[in-house]
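Remarks on the structure that follows.
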Amino acid sequence: SVIFKELRSHLNPYSKGHPYASMTIDEEIELIRQTNVSELREFYYTFMHSNAFNGAVVGDFDEQIIATKLNKLTGGWETKVPYQRIQTRVATKETINKLIDTPDKAGAAFGALHTFALRDDNPDYPALMMANQMFGGGFISSRLANRLRQQDGLSYGARSFLTVGSFDENATFGAYAICAPENLDRVEIGFKEELNRVLQDGFTQQELNDARKGVLENAKLDRAKDGRLVRTLSNNIDLERTMMWDKNYEDALKSLTVEQVNVAFRKYFPLENFSIVKAGDSSKL
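If you use my numbering, the sequence shown corresponds to residues 21 to 305, in order.
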């Protein structure tokens, strides 16, 4: 959406020409227009190969048949350029709070974003995942949804999200809400008040119990789905992990105290660290 494109562009740490550099929509269109078939071929034959190929298979299968087919598909698919992962990093920039005017649009949107250095092997990771679940990650019940939708009736949908890197210390915590333009300012106030309420008073033990139960049940259900399981196994190959990592993570969730969650929330999510962007028809505000 326009709000998160603006937020991610502001917080993007990469210079022009970097694969992860932020571009405007017009810049993206122009880049596509300038790209020709010969450049695509050159890129393909230079960088696309199976040198670093790995995969996982889940289901009822013959291992030898799978191995033979994979070798046939990838055999000889090599280049002289070795695989090297592109590292990511976090930007250190001043926060922003701005409005994007979207004339004649019936709806409006609010977004808040904070990037920080954290990897998923950090001891604080389980606590932050549970904190996000309670603040706005829960599908129905969460501090943010309860305030903006159920209590104040301002938003059609409000959630928070947390993404944490497995390779690099690169994490993002954010929140969004969809609303009518005339409610944008009140949505921002509601977000700030709920964030401050957690910072001051913390979550409750009952909130943690309910959120933890839901997260662990979902993890169990995910492992029963072949698609989710094969993705986990494949990722674990890249990360040089086994399913014991997942078990240890879930054990950490089970042993979390509400005090640990509240300490982690206050450590990483102070209100002054958030950049905010709103989008809506300014004539209706």
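Backbone N, C-alpha and C fix where the C-beta goes; we use that ideal spot for every residue, glycine too.
Is it buried or exposed for E50, if we count other Cβ within 10 angstroms and need 16 for buried?
exposed
To the nearest angstrom, how far is the alpha carbon of R251 from that of R243?
10 Å
What span of residues does the alpha helix (DSSP H) with I209 cover, start to end?
L204 to D221
Tell me, to the nearest whole angstrom, how far the beta carbon of D301 is from that of D80; I am working on the premise that it is less than 8 Å.
So it is not a contact: roughly 55 Å between Cβ atoms.
Residues bridged to F181 (per DSSP):
G194
Quick one: which unbroken alpha helix (DSSP H) runs of 4-plus residues sit fully inside the segment 256-287? Chain order, please.
263-275
Report the rounded CA-to-CA distance for G156 versus M150, giving the unit in angstroms.
10 Å
For A72 and Y103, believed in contact at Cβ under 8 Å, the rounded distance:
4 Å
For Y345, the three-state DSSP class (helix, strand or coil)
Only positions 21 to 305 of the chain appear in the structure, and residue 345 is not among them; the question remains open.
Closer than 6 Å by C-beta to Y176: which residues in its own chain qualify, once you throw out the five before and the five after it? Chain order, please.
I198
For S295, count neighbouring C-beta atoms within 10 Å of its own C-beta (all shown protein chains included) and say buried if the count is 16 or more, exposed if not.
buried
The alpha helix (DSSP H) enclosing F310, as first and last residue numbers
Residue 310 is absent from the model: the chain starts at 21 and stops at 305.
8 Å contact criterion, which E211 and V281 should meet: CB distance rounded:
Note on identity: in this sequence residue 211 is Phe, with Glu being the wrong assignment. Their Cβ separation, rounded to whole angstroms, is 19 Å, which puts F211 and V281 out of contact at 8 Å.
With a 10 Å radius around its C-beta and 16 neighbouring C-beta atoms as the bar for buried, classify V77 as buried or exposed.
exposed
May I ask you to report which of helix, strand or coil DSSP gives F187?
coil
Unbroken alpha helix (DSSP H) runs of length 4 or more, entirely within the segment 56-117: which are they?
57-67 and 83-94
Output yes or no for whether 8 Å exceeds the beta carbon distance between E214 and R167.
yes
Applying the criterion that 16 or more other CB atoms from any shown protein chain within 10 Å of the CB defines a buried residue, is T108 buried or exposed?
exposed
Distance, Cα to Cα, S303 vs A128?
12 Å
Let's see if you can read the secondary structure: which residues bound the beta strand (DSSP E) around A299?
S295 to G300
If we call anything under 8 Å between Cβ atoms a contact, is F278 one with L228?
In the sequence under discussion, the amino acid at residue 278 is Val, which differs from the Phe named in the question. Result yes, Cβ atoms of V278 and L228 sit closer than 8 Å.
At what residues does the beta strand (DSSP E) containing A41 begin and finish?
Segment: none, A41 is in no beta strand (DSSP E) and carries neither H nor E.
The beta strand (DSSP E) that contains L133, what's its start and end?
A128 to F136
Could you check where the alpha helix (DSSP H) with A239 kicks off and where it finishes?
Q225 to R243
Count the other CB atoms, across all protein chains shown, that sit within 10 Å of the CB of H38; report buried if there are 16 or more and exposed otherwise.
exposed
Just to confirm my understanding: we take L253, look at its own chain, exclude 5 residues before and 5 after, and list those with CB closer than 6 Å. What are they?
A76
Hey, P146 and L291 are a contact pair by Cβ (cut 8 Å); roughly how many whole angstroms apart?
Incorrect: roughly 23 Å between the Cβ atoms, too far for contact.
Among F24, D82, E47 and K298, which has the Cα closest to the Cα of E202?
K298
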